[in-house]
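Trainee: This is the structure I want to talk about, given as structure tokens.
There are 2 protein chains.
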Amino acid sequence: MTRAAAAMTRDAAAELDARDPLSAFRERFAIDPAVVYLDGNSLGCMPHAALERLHEVAAVGWGQRGVRSWDEGWLELPLEVGDRLGAAVLGAAPGQVVVGDSTTVCFYKLVCAALDARPGRTQIITDRDNFPTDRYVLEGVAQARGLQLTWLDGDPETVGAMVSPDTALVTFSHVSYRSARIADMAQVNAVVGDAGALMLWDLSHSAGSVPLSLDGDHAQLAVGCTYKYLNGGPGAPAYMYVQHELQAELRQPIWGWLGRRDPFEMAPGYEAAAGMRGFLSGTPPVLALAAADEGVKIVAEAGIDAIRAKGIALTELAISVADESGIRVASPREPARRGAHVALAHPDARALCAGLIERGVIPDFRRPDVIRFGFSPLTTRFVDVWDGVDALRGLLARGGPPGSG
Amino acid sequence: MTRAAAAMTRDAAAELDARDPLSAFRERFAIDPAVVYLDGNSLGCMPHAALERLHEVAAVGWGQRGVRSWDEGWLELPLEVGDRLGAAVLGAAPGQVVVGDSTTVCFYKLVCAALDARPGRTQIITDRDNFPTDRYVLEGVAQARGLQLTWLDGDPETVGAMVSPDTALVTFSHVSYRSARIADMAQVNAVVGDAGALMLWDLSHSAGSVPLSLDGDHAQLAVGCTYKYLNGGPGAPAYMYVQHELQAELRQPIWGWLGRRDPFEMAPGYEAAAGMRGFLSGTPPVLALAAADEGVKIVAEAGIDAIRAKGIALTELAISVADESGIRVASPREPARRGAHVALAHPDARALCAGLIERGVIPDFRRPDVIRFGFSPLTTRFVDVWDGVDALRGLLARGGPPGSG
Chain F
4 MTRAAAAMTR DAAAELDARD PLSAFRERFA IDPAVVYLDG NSLGCMPHAA LERLHEVAAV
64 GWGQRGVRSW DEGWLELPLE VGDRLGAAVL GAAPGQVVVG DSTTVCFYKL VCAALDARPG
124 RTQIITDRDN FPTDRYVLEG VAQARGLQLT WLDGDPETVG AMVSPDTALV TFSHVSYRSA
184 RIADMAQVNA VVGDAGALML WDLSHSAGSV PLSLDGDHAQ LAVGCTYKYL NGGPGAPAYM
244 YVQHELQAEL RQPIWGWLGR RDPFEMAPGY EAAAGMRGFL SGTPPVLALA AADEGVKIVA
304 EAGIDAIRAK GIALTELAIS VADESGIRVA SPREPARRGA HVALAHPDAR ALCAGLIERG
364 VIPDFRRPDV IRFGFSPLTT RFVDVWDGVD ALRGLLARGG PPGSG
Chain U
4 MTRAAAAMTR DAAAELDARD PLSAFRERFA IDPAVVYLDG NSLGCMPHAA LERLHEVAAV
64 GWGQRGVRSW DEGWLELPLE VGDRLGAAVL GAAPGQVVVG DSTTVCFYKL VCAALDARPG
124 RTQIITDRDN FPTDRYVLEG VAQARGLQLT WLDGDPETVG AMVSPDTALV TFSHVSYRSA
184 RIADMAQVNA VVGDAGALML WDLSHSAGSV PLSLDGDHAQ LAVGCTYKYL NGGPGAPAYM
244 YVQHELQAEL RQPIWGWLGR RDPFEMAPGY EAAAGMRGFL SGTPPVLALA AADEGVKIVA
304 EAGIDAIRAK GIALTELAIS VADESGIRVA SPREPARRGA HVALAHPDAR ALCAGLIERG
364 VIPDFRRPDV IRFGFSPLTT RFVDVWDGVD ALRGLLARGG PPGSG
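From first to last, the protein sequence lines are chains F and U.
Residues 4 to 408 in the working numbering are what the first sequence lists, from first letter to last.
Residues 4 to 408 in the working numbering are what the second sequence lists, from first letter to last.
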């Protein structure tokens, strides 16, 4: 990138926007003009199409057709949206992705399924910097089953030194929620697979921001949320990916009626439905699922490669302005190893985030010292990146945030 | 009821509608005028307020405020809607109900929590006629833990002959999804409690149709869905009730971040949040939760006693017309022991249901021989009941449904 050479001006950022092939997508979303929204990696913006779809599924599907809608498409929705997501975003052939339940519940289900498929093995491995809900779920499951939860302190790629014939399950986030570091999925899959353990990826900060090739990288299991870069809505349902070859072997623990063969027979005795339907449990959250579908469709339309190219350009811009301003960058400097957000480190990060929000810039604070700027390529402009980092620079120039020690 | 004496005419049913104190509520819902919708106990009708609320929470909460909305009310929504539901519908003092996850997942969480609280006890009891998802979840949990799942063949009140010091958990539906029979909650709670076991109720077919007094009846645990008589929407989030005294003792198995103390600290180590928040797992499904809230509000406004009175009158009418027509009634005849739906039994029930749907009447088939007419007192008119049973009578008079053997 050539921008780092000379001081970056706001005009130069505006010039990048003028040349941005994705710029028209921003109009497809609701965006508060009063703020610089740099938190699309926490809650992505609302596609106008989601609002329309919500209205349609409620007014027509629920309001007019009522219970008949289950047979008129609703029952297929978890698999249909899953396949769309698989093709456009995850690099997964059809029949391996299903959408439903929260990310936490999906993660729990696949953790239990994996552990049940590796009886006698006593160890679970994750990294200390993994997303909290993943860490907490693992603690709970490890305690309930009397397994050992081992914390990796280094990067996911170093897990080879830790796996053993005792390892049942390894799980990491593909893109770190704090640093945005991208793990080498193919390499980790190979190492974990060689040890006979199962590998479960959390794609929450990857899907919709960086290309994924779950099939190509020989991924076994994955989960992720749809409300970040997929713009699926607050608390939108999450997805599960289970590699074709594993689907018959794995059994998820929450045996609900919608995961049963012929659920409306309501027959005695649970028999898991074939394929990904067997990973469902309860009644699908139709309204939220329909809204999330629209987010997936827009990402599919824009194309993940174009999104990735802009994501790199946005983070490069943020890093170059941060560098000019003496702000410490806590994300990888190599674009290929960095997702679509940037972590800027400062001892007063918490107070600085509050100061930014007062000034109309919305980042995330991540303890202990990270100001996280999330750039969502379909909605974030280059001038937003510039404005965000510039606002931080301004706060620091004034001697730091109010009340900082 | 005096109506059974003389043959019931449609005009007489219309007269009941004219005197119905709840009749105005029907206008608050979207209702397809082309059909007689007798399936509100499968999917309740859409309140117009739910459509408006969905639009508001999406367009304003998500679209304009974005991630800021979490601190502007969303994080409280699971508990706020729970308390509203507890007060208006469940007979539960504040701080004992939380809304989130599917009914199946909520049920699983409380089953596991209960079993963990009764270590060493090896038996789970339910009845053979319980709702399928409950039966399947129990099978899965019993198998995973090596516990004995014992099937009661009789009514829930006979469980006293089955409980023992080995019993960890007993669980029944309060209103049977097939017959509409209401269990004696206080009596069962006492019997199970005396055995030192925990009692978990499924209120899916009760809440919003019959009065409940969970606190007064010394209930310990309950779950239920919001998309039947609470008109919460397709796949709407379910609720959990945990008696105050048990909340500190019970720990649910899916340790997600939203169930942790100070979730946004993202700190190491799970520590359950106090109270019902500790029973949450993942990110709350905000859109669906907001829609469901509107359903709860309408029930609260109408009042459960008025709803119950109309529910009895609707089912009495159905039974009297069925009796006149020689159709076998498979629901309790005593109104006090019957919920708001009526099971009519016929060997050709499956084909008869298909024939009814062709004629614009929407019931449910429940294997092996039940035609289930669900009456939702806020939306079902007396003429709808009459039309539904009359259509069935017409089919039978023609020698049964097409293709019946």
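Note that beta-carbon positions come from the ideal geometry of N, C-alpha and C, so glycine has one too.
Where do the ends of the alpha helix (DSSP H) carrying V392/F lie?
Mentor: Against the first sequence, residue 392/F aligns to sequence position 389. That run of the alpha helix (DSSP H) goes F385 to A400.
Trainee: Tell me which residues share the same chain as G219/U and place their Cβ nearer than 7 Å to its Cβ, disregarding the 5 neighbours each side in the sequence.
Mentor: Sequence index remark: in the second sequence, residue 219/U carries index 216 (1-based). Closer than 7 Å at Cβ, skipping near neighbours: G94.
Trainee: Between which two residues does the alpha helix (DSSP H) carrying V323/F extend?
Mentor: Along the first sequence, read from residue 1 onward, the residue named residue 323/F stands at position 320. According to the sequence shown, residue 323/F is Ser rather than Val. From DSSP, the alpha helix (DSSP H) with S323/F extends over I307 to E327.
Trainee: Taking 8 Å as the threshold (C-beta atoms), are S72/U and T107/F in contact?
Mentor: Within the first sequence, the letter at position 104 stands for residue 107/F. Within the second sequence, the letter at position 69 stands for residue 72/U. Cβ distance not < 8 Å, so T107/F and S72/U don't count as in contact.
Trainee: So, helix, strand or coil for W258/U, using DSSP?
Mentor: One-based indexing of the second sequence puts residue 258/U at position 255. Three-state result, W258/U: coil.
Trainee: Out of S179/F, A10/F and L19/F, which one is the CA nearest neighbour of R384/F?
Mentor: The residue you call residue 384/F lines up with position 381 of the first sequence. The option with the nearest alpha carbon to R384/F is L19/F.
Trainee: Looking at the C-beta of A61/U, does it have a partner C-beta in chain F at a distance below 8 Å?
Mentor: The residue given as residue 61/U occupies position 58 in the second sequence. For A61/U, the answer is yes, since a Cβ of chain F falls inside 8 Å of its Cβ.
Trainee: Sorted by chain position, which residues of the same chain lie with C-beta nearer than 7 Å to G408/F's C-beta, five sequence neighbours on each side aside?
Mentor: As a position in the first sequence, residue 408/F is number 405, starting the count at 1. Any answer about G408/F is weak, because its pLDDT of 40 lies below 50 and its placement is not dependable; what the coordinates show is given next. So the list is empty, once near-sequence residues are dropped.
Trainee: Between the C-alpha atoms of D390/F and A61/U, what's the straight-line distance to the nearest angstrom?
Mentor: Numbered from its first residue, the first sequence carries residue 390/F at position 387. Numbered from its first residue, the second sequence carries residue 61/U at position 58. Roughly 27 Å between the two C-alpha positions.
Trainee: Determine the direct distance from the alpha carbon of A10/U to that of E327/U, and round the result to whole angstroms.
Mentor: Indexing the second sequence from 1 puts residue 327/U at position 324. Indexing the second sequence from 1 puts residue 10/U at position 7. Answer to the nearest angstrom: the Cα atoms are 7 Å apart.
Trainee: Using a Cβ-Cβ distance under 8 Å, would S328/F count as near chain U?
Mentor: The sequence position of residue 328/F within the first sequence is 325, counting from 1. Output row for S328/F: interface = no.
Trainee: What would DSSP say about Q126/F, mapped onto helix, strand or coil?
Mentor: Translated into positions along the first sequence, residue 126/F becomes position 123. Correct three-state label for Q126/F: strand.
Trainee: With C-beta atoms as the reference, is N44/F less than 8 Å away from H177/F?
Mentor: Translated into the one-based positions of the first sequence, residue 44/F becomes position 41. Translated into the one-based positions of the first sequence, residue 177/F becomes position 174. No. Outside cutoff.
Trainee: Do D137/U and T125/U have their CB atoms nearer than 8 Å?
Mentor: One-based indexing of the second sequence puts residue 137/U at position 134. One-based indexing of the second sequence puts residue 125/U at position 122. Contact: no.
Trainee: Using alpha carbons as the reference points, say which of A346/F, R68/F, D393/F and A294/F lies closest to P371/F.
Mentor: Here the question's residue 371/F lines up with position 368 in the first sequence. Checked all of A346/F, R68/F, D393/F and A294/F; the closest Cα to P371/F is A346/F.
Trainee: Since L290/U and L57/F are thought to touch, with beta carbons under 8 Å apart, how far apart are those beta carbons, to the nearest angstrom?
Mentor: As a working mapping, residue 290/U is identified with position 287 in the second sequence. As a working mapping, residue 57/F is identified with position 54 in the first sequence. Yes, L290/U and L57/F are in contact; Cβ-Cβ is about 7 Å, under 8 Å.
Trainee: Note down, in chain order, each residue of its chain lying with its Cβ closer than 6 Å to the Cβ of D367/F, except the 5 sequence neighbours on either side.
Mentor: For this step, residue 367/F is matched to residue 364 along the first sequence. Answer for D367/F: D42, S45 and R375, listed in chain order.
Trainee: Name the chain F residues that come within less than 7 Å of W65/U, Cβ to Cβ?
Mentor: The residue you call residue 65/U lines up with position 62 of the second sequence. In chain order: M49, G236 and P237.
Trainee: State the start and end residues of the unbroken beta strand (DSSP E) segment that holds D205/U.
Mentor: Start at 1 with the first residue of the second sequence, and residue 205/U comes out as number 202. It spans L201 to D205 - the beta strand (DSSP E) in which D205/U sits, taken as one unbroken run.
Trainee: Determine contact between the segment 311-322 of chain F and the segment 194-214 of chain F, defined as no fewer than three beta-carbon pairs at a distance below 8 Å.
Mentor: yes
Trainee: Does the pairing of the segment 317-336 of chain U with the segment 107-120 of chain U give three or more beta-carbon distances under 8 Å?
Mentor: no
Trainee: Classify A305/U as buried or exposed, calling it buried when 16 or more other Cβ atoms lie within 10 Å of its own Cβ.
Mentor: Position 302 of the second sequence, counted from the first residue, corresponds to residue 305/U. When all chains shown are included, A305/U counts as buried.
Trainee: Can you tell me where the alpha helix (DSSP H) with Y111/F in it begins and where it stops?
Mentor: Here residue 111/F corresponds to residue number 108 of the first sequence, with the count starting at 1. That run of the alpha helix (DSSP H) goes T106 to D119.
Trainee: Measuring alpha carbon to alpha carbon, tell me which residue in Q146/F, C48/F and A37/F is nearest R29/F.
Mentor: Start at 1 with the first residue of the first sequence, and residue 29/F comes out as number 26. Nearest option by C-alpha distance: C48/F.
Trainee: Can you tell which of S105/U, Q255/U and R87/U has its C-alpha closest to the C-alpha of G98/U?
Mentor: As a working note, residue 98/U is residue 95 in the second sequence. Looking from the CA of G98/U, the closest CA among S105/U, Q255/U and R87/U belongs to R87/U.
Trainee: Label Q151/F either buried or exposed according to how many other C-beta atoms from any shown protein chain fall within 10 Å of its C-beta, with 16 as the threshold for buried.
Mentor: Position 148 of the first sequence holds residue 151/F. Result: exposed.
Trainee: Going by other Cβ atoms of all chains shown within 10 Å of its Cβ, with 16 needed for buried, is A400/U buried or exposed?
Mentor: Counting from one through the second sequence, the residue named residue 400/U turns up at place 397. Exposed, because fewer than 16 other Cβ atoms sit within 10 Å of the Cβ of A400/U.
Trainee: For my contact list, D393/U and V84/U are in at a C-beta cut-off of 8 Å; report their separation, rounded to the angstrom.
Mentor: Residue 393/U sits at position 390 when you count from the first residue of the second sequence. Residue 84/U sits at position 81 when you count from the first residue of the second sequence. Their Cβ separation, rounded to whole angstroms, is 39 Å, which puts D393/U and V84/U out of contact at 8 Å.
Trainee: In this structure, does DSSP put Y244/F in helix, strand or coil?
Mentor: Your numbering for residue 244/F matches position 241 in the first sequence. In the structure shown, Y244/F sits in a strand (DSSP, three-state: E or B).
Trainee: Under 8 Å, Cβ to Cβ, is there at least one residue of chain F near E268/U?
Mentor: As a working mapping, residue 268/U is identified with position 265 in the second sequence. So, interface residue.
Trainee: Assign Y230/U to one of three DSSP states: helix, strand, or coil.
Mentor: Your numbering for residue 230/U matches position 227 in the second sequence. Here Y230/U sits in coil by DSSP.
Trainee: Please identify, using Cβ separations under 9 Å, the residues of the segment 285-297 of chain U that lie next to chain F, in order along the chain.
Mentor: Of all residues in the segment 285-297 of chain U, only G285, T286, P287, P288, V289, L290, A291, L292 and A294 come within less than 9 Å of chain F when Cβ atoms are compared, listed by chain position.
Trainee: Which class does V213/F belong to by DSSP, given the choice of helix, strand or coil?
Mentor: Position 210 of the first sequence holds residue 213/F. In this structure, V213/F counts as coil in the three-state DSSP scheme.
Trainee: Where P81/U and R13/U are concerned, what is the direct C-alpha to C-alpha distance, given to the nearest angstrom?
Mentor: For the purposes of this step, residue 81/U is taken as residue 78 along the second sequence, with counting starting at 1. For the purposes of this step, residue 13/U is taken as residue 10 along the second sequence, with counting starting at 1. Taking the straight line joining both Cα atoms gives about 44 Å.
Trainee: What ranges does the alpha helix (DSSP H) occupy inside the segment 130-168 of chain U, keeping only unbroken runs of at least 4 residues that lie completely in it?
Mentor: 135-148
Trainee: If you follow the alpha helix (DSSP H) that I360/F is in, where does it begin and where does it stop?
Mentor: As a first step, residue 360/F must be located in the first sequence, where it is residue number 357. Where I360/F is concerned, the enclosing alpha helix (DSSP H) starts and stops at A352 to E361.
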